Amino acid sequence: GQTGLMYAAQNGQLQMVQALATAGAALGARDAEGRTAVAYAAIHQRVAALQKLVDLGAPLHVACASGRTPLMHAARHDGVELIDVLLDLGADVRAVDTDGWTALMYAAQHGNDAVLEALVRAGGDVRAADNEGWTALMSAALTGHSDTVAKLLRLGANVHAQRQDG
Numbered sequence: 001g002q003t004g005l006m007y008a009a010q011n012g013q014l015q016m017v018q019a020l021a022t023a024g025a026a027l028g029a030r031d032a033e034g035r036t037a038v039a040y041a042a043i044h045q046r047v048a049a050l051q052k053l054v055d056l057g058a059p060l061h062v063a064c065a066s067g068r069t070p071l072m073h074a075a076r077h078d079g080v081e082l083i084d085v086l087l088d089l090g091a092d093v094r095a096v097d098t099d100g101w102t103a104l105m106y107a108a109q110h111g112n113d114a115v116l117e118a119l120v121r122a123g124g125d126v127r128a129a130d131n132e133g134w135t136a137l138m139s140a141a142l143t144g145h146s147d148t149v150a151k152l153l154r155l156g157a158n159v160h161a162q163r164q165d166g
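Just so we're aligned, residue 1 is where the sequence shown starts under the UniProt record's numbering, counting upward by one.
What follows is the structure in structure tokens.
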């Protein structure tokens with residue numbers, strides 16, 4: 001289950017994060033799905049809480065059980081500020097989860113064009129495919145994000161890519 005530190009991070013409670021850390025809360029503790037307080041801050045777009053946790057020594061580059069990194073969690077939301085912070089802290093833009101998805105694929109799936117652009121500037125690959133051949137372009141098309149599809153095409157996404165099942 002979640003720890004008090006995870007709840008504090010999720011809610012952006014900086015003083016509480018500080019108090020719990022000072023009291024000895026485990027900064028790298030994981031819940032049943034392998035998520036850390038940093039992951040909760042990323043999921044809930046709590047930029048200041050994430051920065052505070054990292055400043056206190058919390059591990060940043062930790063993937064949960066599904067292989068999702070804080071950058072991947074953040075990419076699902078339209079929060080470029082958090083993406084920029086994570087990238088500045090050295091988040092791996094090309095990391096893949098257990099299904100082979102990248103942060104860029106999550107951004108495309110959710111139509112987060114500003115996030116997608118930030119990830120591409122940082123070296124994200126618009127032509128990457130997951131374990132089944134699924135691409136960011138396919139994901140954006142399936143979810144009806146026409147602006148994202150157009151952006152991916154301008155950025156060089158492979159219009160001919162096919163899933164492995166045909």
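For glycine and all other residues, C-beta sits at the position ideal for the given N, C-alpha and C. From a predicted model like this one, the values you see are computed outputs, not experimental measurements.
Quick one: what's got a C-beta closer than 8 Å to Leu104's C-beta in the same chain, skipping five residues either side? In the sequence shown, residue 104 corresponds to position 104, counting from 1. If we look at Leu104 and ignore the five residues flanking it on each side, its Cβ neighbours are Ala75, Val93, Leu116, Leu119, Val120, Gly124, Asp125, Val126, Ala128, Ala136.
Where are the alpha helix (DSSP H) runs, 4 residues long or more, that stay fully inside the UniProt repeat "ANK" (66-98), in chain order? 70-75, 80-88
Residue environment, Gln109, which counts as buried when at least 16 other CB atoms sit within 10 Å: Start at 1 with the first residue of the sequence shown, and residue 109 comes out as number 109. Per the 10 Å Cβ criterion, buried.
Measuring straight from C-alpha to C-alpha, what distance separates Gln2 and Glu33? Stepping through the sequence shown from its first residue, residue 2 is reached at position 2. Stepping through the sequence shown from its first residue, residue 33 is reached at position 33. Approximately 10 Å between the Cα atoms of the pair.
Less than 7 Å separating the Cβ of Gln164 from some heavy atom of the ligand PLP? The model on display carries no ligand, and the ligand PLP is accordingly not part of it.
Are Ala37 and Met16 close, meaning C-beta to C-beta below 8 Å? Locating residue 37 in the sequence shown gives position 37, counting from the first residue. Locating residue 16 in the sequence shown gives position 16, counting from the first residue. No, they are not a contact pair.
Supposed close pair Arg163, Gly133 - CB separation, criterion 8 Å: Numbered from 1 along the sequence shown, position 163 holds the residue referred to as residue 163. Numbered from 1 along the sequence shown, position 133 holds the residue referred to as residue 133. About 4 Å separates the two Cβ atoms, so the contact holds.
Check whether the Cβ atoms of Cys64 and Arg46 lie closer than 8 Å to each other. Along the sequence shown, one-based indexing puts residue 64 at 64. Along the sequence shown, one-based indexing puts residue 46 at 46. Their beta carbons are not under 8 Å apart, which means Cys64 does not touch Arg46 by this criterion.
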